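Going by UniProt numbering, the first residue of the sequence shown is number 1, and it counts up by one from there. Below is one structure, written out as structure tokens; comments come after it.
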Amino acid sequence: MAHPKRKISKTRRDKRRTHYKATMPQIAKDPSTGEAHLYHRAHWHEGKLYYRGQVLIDATENAA
Numbered sequence: 001m002a003h004p005k006r007k008i009s010k011t012r013r014d015k016r017r018t019h020y021k022a023t024m025p026q027i028a029k030d031p032s033t034g035e036a037h038l039y040h041r042a043h044w045h046e047g048k049l050y051y052r053g054q055v056l057i058d059a060t061e062n063a064a
């Protein structure tokens, strides 16, 4: 089993971790609805599931 020979200081550990940064997600605007959503993700708008400007699922038809 791996076992460190010496204790790694908190400063040295934290210096190694400085490269892990949170990034802002890219937000896209749907061309047909104008709704903001994450890139490459389907999103719901007024009971319909949209992806790349096209309706994938229309939940309003099933409910009526």
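Note that beta-carbon positions come from the ideal geometry of N, C-alpha and C, so glycine has one too. Treat the numbers as computed from the prediction; the structure is a model and nothing was measured.
Sheet register partners of residue i (DSSP bridge)
i	result
H43	Y50
D30	In DSSP, D30 forms no bridge with anything.
D14	Beta-bridge pairing links D14 to no other residue.
Cut-off 8 Å between Cβ atoms - residues of its own chain near residue i, not counting five sequence neighbours on either side
i	result
G47	D58, A59, T60 and A63
K5	none
K7	none
Own chain partners of residue i with C-beta closer than 6 Å, once the 5 adjacent residues on each side are dropped
i	result
H45	T33 and E35
At least 3 beta-carbon pairs within less than 8 Å: the segment 17 to 36 vs the segment 50 to 57: Remark: three or more beta-carbon pairs, one from each stretch, lie closer than 8 Å, so the segment 17 to 36 and the segment 50 to 57 are flagged as touching.
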